[in-house]
Amino acid sequence: MSFSLTDIVSISDFSREDIEAVLEKAAEMEKTPLAKKNKILENKTVAVLFFEPSTRTRLSFETSVQNLGGNVIGFADAGVSSTKKGESLSHTIRVVSGYADMIVMRHSIEGAARRAAEVSKKPIINGGDGANQHPTQTLLDLYTIQKQFKKIEGINIGLLGDLKYGRTVHSLMYALANFDKVKVYCIAPDSLKMPKSIIGDTSGKLQVKETSKLQEFLPKLDVLYATRIQKERFVDEFEYEQIKNVFILGKEILKNAKEGFKLMHPLPIVNEIKTELDNTDAALYFEQAKNGIPVREALLSILRDVKK
Ligand code: CP
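Be aware that the sequence shown starts at 14, since it is given in my numbering, and climbs by one per residue.
Below, the structure written as structure tokens:
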């Protein structure tokens, strides 16, 4: 297995070999019973520092550390840390890297994970930095697609919703650009379009089509990856109120969908997917969230031996 990184900051840092190494390890983790993997992080401590809210990323990392026999320290709310007293991120990370063997962090500021990686003597894993990137979500998204379709190459995927602020879709675009013949339909209203810089960076490899019309392109899709409108990133609340109901998906989408069509979402869902879709064959989002465990176990076990 070949893996070249010492920190997981941005999916753009990953080569195709790095991505495949993680997916392969995750498949191995999923097959391995707990009793056979619960010494991988023996005597290791992982700090889980969440300066922003989370359910899945934090809890699946904590579960993964425990499954591998490690100890977890950290906080789920920056308000209970010395950040509240004015301590800088750099100082917090330098101190915690003296307590822990790896640090998983989420922060509201774009670039926070990169800054942390620069000052930390231990590997940093980015659990989301503002509207920028969410690389471990992307790895579990790719794992889910590969498991479902037995391939990533040649997939037709629609990215729907808040493509401007949604960090999961930003990371996913960069990751998909490592695979051949992938077609991406970026489906968003004008005010929430995928940033031009990301289209520019990836369109040499991906076939990208930008549109606001879901129904027209739905029959072409193997996967529709829907996203929440990211209320917390809007400067103007009125603008959020105007756009918050732009796409609300119900069972009607299944009428025009391809056979084998799957609906993915990084979760949490607010109102963009009706609960009537939750128990259909198309809904892959709960399975997707569950895949966070083997993928994060894989990352922790790969980074265990990294020397910075
Ligand atoms: N998908 C995701 O990042 O979920 P959380 O915000 O609950 O961690």
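In this text, a Cβ means the ideal position worked out from N, Cα and C, and glycines have one as well. Small disclaimer: the values here were computed from a predicted structure and weren't measured.
(1) Among Asp-142, Gly-263, Ile-116 and Gly-143, which one has its Cα closest to the Cα of Lys-322?
(2) Report yes or no: do three or more beta-carbon pairs, one from the segment 101–108 and one from the segment 45–58, lie closer than 8 Å?
(3) What does the Cβ neighbour count give for Ser-210, buried or exposed, with the cut at 16 atoms within 10 Å?
(4) Let me check one thing: in DSSP terms, what residues is Tyr-238 bridge-paired to?
(5) Is it the case that the Cβ atoms of Pro-136 and Thr-19 are separated by a distance below 9 Å?
(6) Is His-183 near ligand 1, in the sense that its beta carbon is under 8 Å from a heavy atom of that ligand?
(7) Alpha carbon to alpha carbon, what distance is there between Leu-313 and Gly-273?
(8) Do Leu-280 and ligand 1 come close, with the Cβ less than 8 Å from some heavy atom?
(9) Measure the Cβ-Cβ separation of Ser-67 and Gly-141 and say whether it is below 9 Å.
(10) Just to check, is the beta-carbon of Gly-171 closer than 8 Å to a non-hydrogen atom of ligand 1?
(11) Which residues in the same chain have their Cβ closer than 7 Å to the Cβ of Arg-309, if we skip the five residues on either side of it in sequence?
(12) Tell me whether Asp-193 is buried or exposed, calling it buried when 16 or more other Cβ atoms sit within 10 Å of its Cβ.
(13) Can you give the beta carbon distance from Ile-256 to Ser-204, rounded, assuming they're within the 8 Å contact cut?
(14) Within 10 angstroms of its Cβ, does Glu-323 collect 16 or more other Cβ (buried), or is it exposed?
(15) Go through its chain and collect everything with a Cβ distance to Asn-80's Cβ below 8 Å, but skip five positions before and after it.
(16) Compute the beta-carbon to beta-carbon distance between Thr-224 and Tyr-187, rounded to the nearest angstrom, for a pair I have assumed lies under 8 Å.
(17) If you draw a straight line from the C-alpha of Asp-3 to the C-alpha of Ala-39, how long is it?
(18) Got a sec: does ligand 1 put a non-hydrogen atom nearer than 8 Å to the Cβ of Ser-77?
Looking at the atomic coordinates:
(1) Past the edges of the chain, shown from 14 to 321, lies residue 322, and the structure says nothing about it.
(2) Segment contact: the segment 101–108 against the segment 45–58, fewer than three CB-CB distances shorter than 8 Å; contact not assigned.
(3) Its Cβ having fewer than 16 others within 10 Å, Ser-210 is exposed.
(4) DSSP lists Leu-172 and Met-277 as the bridge partner or partners of Tyr-238.
(5) Yes, Cβ-Cβ distance for Pro-136 and Thr-19 is below 9 Å.
(6) Not under cutoff, so the answer is no.
(7) So the alpha carbons of these two residues sit roughly 33 Å apart.
(8) Inclusion of Leu-280 in the 8 Å shell around ligand 1 follows from its C-beta lying nearer than that to a non-hydrogen atom of the ligand.
(9) Closer than 9 Å, so yes.
(10) The answer is no for Gly-171.
(11) Only residues of its own chain outside the window of five on either side were considered, and among them Ser-73, Phe-74, Ser-77 and Thr-149 have a CB closer than 7 Å to the CB of Arg-309, listed in chain order.
(12) Exposed, because fewer than 16 other Cβ atoms sit within 10 Å of the Cβ of Asp-193.
(13) Contact between Ile-256 and Ser-204 holds, since their C-beta atoms are separated by about 6 Å, short of 8 Å.
(14) Outside the shown range of the chain (14 to 321) lies residue 323, about which nothing can therefore be said.
(15) For Asn-80, where only same-chain residues beyond five positions count, the Cβ hits under 8 Å are Leu-47, Lys-50, Asn-51, Ile-306 and Glu-310.
(16) At roughly 21 Å, the Cβ-Cβ gap does not stay under 8 Å, so Thr-224 and Tyr-187 are not in contact.
(17) The requested residue 3 is not part of the displayed model; the chain covers only 14 to 321.
(18) Flag unset: Cβ of Ser-77 not near ligand 1.
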